[in-house]
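> One structure is given below, represented as structure tokens, and several questions about it will come after.
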Ligand code: FES
Ligand code: FES
């Protein structure tokens with residue numbers, strides 16, 4: 056018999072649950088199969104590529120990344136997360152009315168090719184830029200900081216340079232994120 060336990064959390068600003076979920080079910084399966092939030096990508100399934108990353112809202116107002124292929128749905132109990140579906144602003148019909156600066160910059164820079172890794176890169180860039188909001192980086196350290204933010208994310212189409220350029224542009228264009 057499959058044992059289940061309830062999971063409750065906040066996803067994209069909406070309360071979800073309690074939902075009875077099989078013990079051990081990966082979070083990405085919960086997102087895909089229970090909630091029809093299929094934008095989070097399953098790739099390696101082993102915690103290596105970070106394609107499956109979502110943003111976790113921390114209690115102190117910061118954000119962090121969390122992979123959903125290697126962590127079970129129950130580990131997310133009580134958390135507040137943002138998936139790729141929750142990044143852009145939408146109207147009451149669910150239509151996208153405004154992309155985030157990161158999403159727009161990725162498009163402007165033709166940063167992705169197949170796009171499979173993109174939700175994970177959007178999550179990484181979002182957490183990186185949120186971090187700059189709390190702790191600005193010196194201009195001379197910006198390149199290294201972007202490298203560190205993306206170093207765990209794999210793009211099999213090798214779009215790294217353009218992802219990098221897009222995030223640099225957003226960081227430099229946002230007042231207070233980069234200091235001299
Ligand atoms: S699919 Fe989760 S790290 Fe690769
Ligand atoms: S754009 Fe294809 S894997 Fe990154």
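In the numbering used here, the protein residues as written are 56 to 235.
Using N, Cα and C, we set each Cβ at its ideal position, and we do this for glycine too.
Does the Cβ of residue 211 lie closer than 7 Å to at least one heavy atom of ligand 4?
Inclusion of ligand 4 in the displayed structure is not the case, the ligand content consisting of ligand 1 and ligand 2 alone.
> Looking only at its own chain, which residues have a Cβ that is under 7 Å from the Cβ of residue 132, when we skip the five neighbours before and after it?
Locating residue 132 in the chain shown gives position 77, counting from the first residue. Answer for residue 132: 62, 63 and 64, listed in chain order.
> Beta strand (DSSP E) containing residue 63: first to last residue?
For this step, residue 63 is matched to residue 8 along the chain shown. Per DSSP, residue 63 belongs to the beta strand (DSSP E) from 59 to 66.
> Take residue 204 and list the residues in its own chain whose beta-carbon comes closer than 6 Å to its own, dropping the five residues that flank it on each side.
Residue 204 sits at position 149 when you count from the first residue of the chain shown. Result list for residue 204: 179 and 183, in chain order.
> Which residue comes first and which comes last in the beta strand (DSSP E) that contains residue 136?
One-based indexing of the chain shown puts residue 136 at position 81. Its beta strand (DSSP E) spans residues 135 to 137.
> Whole angstroms are fine: how far does the CA of residue 67 sit from the CA of residue 44?
The requested residue 44 is not part of the displayed model; the chain covers only 56 to 235.
> Take every Cβ of the stretch 82 to 91, pair it with every Cβ of the stretch 189 to 200, and state whether three or more of those distances are shorter than 8 Å.
As far as the Cβ criterion goes, the stretch 82 to 91 does not touch the stretch 189 to 200, which means the pair count is below three.
> Using DSSP bridges, identify the partner residues of residue 121.
To locate residue 121, count along the chain shown from 1; it is residue 66. In the DSSP output, where bridge partners are listed per residue, residue 121 has 109.
> What residue range does the alpha helix (DSSP H) around residue 156 cover?
By 1-based counting over the chain shown, the position of residue 156 is 101. From DSSP, the alpha helix (DSSP H) with residue 156 extends over 156 to 163.
> Is it the case that the stretch 201 to 220 contacts the stretch 97 to 108, given that we only count it when at least three CB pairs across the two stretches are under 8 Å?
The stretch 97 to 108 vs the stretch 201 to 220: in contact.
> Quick one: residues in its chain with C-beta nearer than 8 Å to the C-beta of residue 201, no 5 flanking neighbours on either side, listed in chain order?
Here the question's residue 201 lines up with position 146 in the chain shown. 183, 219, 222, 223 and 226.
> How about residue 183: is its C-beta nearer than 8 Å to some C-beta of chain D?
As a matter of chain content, chain D is missing from the structure shown, which is built from one protein chain.
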